[in-house]
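Per my numbering, the sequence shown starts with residue 991, numbered consecutively.
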Amino acid sequence: GAGASGSGQSITPLPAAAPLALKDQFVVDVGDRVFFSFDRFDVEQDQKKVLDVQAAWLKKYSSVTVTIEGHADERGTREYNLALGERRANAVKEYLIYLGIDAKRIKTVSYGEERPVALGSDETAWSQNRRGVTVVTGPGS
C-alpha cells in the first residue's frame, strides 16, 4: 500500500545524499573530535592518534574540505572561551598541516562555550565540551 510507494520515493534522491554519506563515514569510521585538558589548547598524545586517522582519511579523500570547530566548557568569560576555542581549533589545524594536509582545505571557527554537547556543571560534562570537532564541509575545488 502506501508504505511501498513511500519507500520508492525515498530512493530517488540518492545522488543528492552522496556527500552526506562521506560526512557520516568520517564521523563513524574516523572520529570527528579530540578533547582538551582544562584551560589548555595543546593536542595531547592520545588525541594525536585521532588526528593521525583523520589525516589519513583526508589524504584518501583529497577533494574534501573541513572546518575545525573549537569549543570550551562553560567556565571562564565568553570572550576568554571564544579565544580558547580559537586556539584549540588552530592547534588541530596546525597538527593536520604538519601531517601533510593542505592548509587551504582547512577552515577554523570558535564557538567558545556556546555549543555544549553535554549539559551540566561538573567535570563529566566539561570534559566533553572541551573539544575540537572536524566537520566535513564539502568537496574541495
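Beta carbons are placed, not taken as given, at the ideal position from N, Cα and C, and that holds for glycine.
Taking 7 Å as the cut-off, the Cβ atoms of Ile1087 and Val1056 do not count as close.
Under the three-state reduction of DSSP, Glu1103 is assigned to coil, being neither helix nor strand. For Ile1091, no beta strand (DSSP E) encloses it, and the DSSP letter there is neither H nor E. Here Ala1093 is exposed. Its C-beta has fewer than 16 other C-beta atoms within 10 Å. Taking Phe1016 as the centre and dropping the five residues before and after it, the same chain places the C-beta of Asp1022, Trp1047, Val1126 closer than 7 Å to its C-beta, in chain order. Between the stretch 1036-1044 and the stretch 1096-1108 there are fewer than three C-beta pairs closer than 8 Å, too few to call the two in contact.
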